[in-house]
Amino acid sequence: MYKGTYNENGDYTGFYVEGIHENIPKPNIELTEEEWQQGLSKNYKVIEGKHTYSPFVQNKEELLINLRTTRNTLLMDSDWTQVEDAPLSEEKKMAWKNYRQELRDLTDLASSASIDWPVKPV
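All residue numbers for the sequence shown refer to this note's numbering, where the first residue is 14 and numbers rise by one.
This is the structure we're talking about:
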């Protein structure tokens with residue numbers, strides 16, 4: 014079993030293999046062989062206890078800032094769908110309304126390690 018140790022910033026500080034290495038430092042997380050290899054690339058961090066691709070994000074606060082920026086852009090791009098005279102059926106307006114609420118709910122996530130973006134209505 015592969016293990017990765019990390020610091021308070023989520024940066025990997027070491028990689029170990031159980032059975033070969035004794036006294037693996039903590040905190041550590043279990044990794045698949047693929048995740049272990051990815052971690053060596055420096056494009057991955059541990060965010061909220063999970064191995065996460067994060068080439069630009071340094072911490073949870075920055076992740077949330079980036080999430081909000083993208084989310085706000087998507088909300089502004091879909092503002093037109095909620096005006097009274099939007100050329101949409103009531104069903105389509107409701108689909109857009111639900112999509113927009115799902116976007117707002119993204120920042121209420123318990124875990125920001127992986128983001129499942131809502132699908133834009135067609």
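Think of the CB as a built atom: it goes at the ideal place given N, C-alpha and C, for glycine as much as any other residue.
In this text the structure is predicted, and so the values were computed from the model without any measurement.
State the CB to CB distance for the pair PRO134 and TRP109, rounded to an integer number of angstroms; the pair is presumed to be in contact (CB under 8 Å). Position 121 of the sequence shown, counted from the first residue, corresponds to residue 134. Position 96 of the sequence shown, counted from the first residue, corresponds to residue 109. Confirmed, about 5 Å.
Considering Cα atoms alone, identify which of LEU53, LEU80, GLU43, GLU74 is closest to LYS63. Within the sequence shown, numbered from 1, the residue matching residue 63 stands at position 50. Cα-wise, what sits closest to LYS63 is GLU43.
What is the rounded straight-line gap between the Cα of HIS37 and the Cα of PHE28? In the sequence shown, counting from the first residue as 1, residue 37 sits at position 24. In the sequence shown, counting from the first residue as 1, residue 28 sits at position 15. Inspection of the sequence shows that residue 37 is occupied by Ile rather than by His. Straight-line Cα distance between these residues: approximately 9 Å.
For a test of the three-state rule: what should DSSP assign to LEU44, helix, strand or coil? The residue given as residue 44 occupies position 31 in the sequence shown. Correct three-state label for LEU44: strand.
Leaving out five residues before and five after TYR57 in sequence, what residues of the same chain have Cβ atoms less than 8 Å from its Cβ? To locate residue 57, count along the sequence shown from 1; it is residue 44. Hits under 8 Å: TYR25, GLU48, GLN51, HIS64, THR65, TYR66, SER67.
For VAL59, count neighbouring C-beta atoms within 10 Å of its own C-beta (all shown protein chains included) and say buried if the count is 16 or more, exposed if not. Here residue 59 refers to the residue found at position 46 of the sequence shown. By the C-beta density criterion, VAL59 is buried, having at least 16 other C-beta atoms within 10 angstroms.
Within 10 angstroms of its Cβ, does ARG84 collect 16 or more other Cβ (buried), or is it exposed? Translated into the one-based positions of the sequence shown, residue 84 becomes position 71. Buried, because 16 or more other Cβ atoms sit within 10 Å of the Cβ of ARG84.
Where the alpha helix (DSSP H) through LYS105 begins and ends: If you number the sequence shown from 1, residue 105 lands on position 92. Here the alpha helix (DSSP H) through LYS105 covers 103-118.
Got a sec? Which residues, its chain only, sit under 8 Å from TYR112 by beta carbon, not counting five neighbours each side? Within the sequence shown, residue 112 is the residue found at index 99, counting from 1. So the list reads SER91, PRO131, VAL132, LYS133, PRO134, once near-sequence residues are dropped.
CA nearest to the CA of ASN22, picked from GLU103, GLU61, LEU116: As a working mapping, residue 22 is identified with position 9 in the sequence shown. Checked all of GLU103, GLU61, LEU116; the closest Cα to ASN22 is GLU61.
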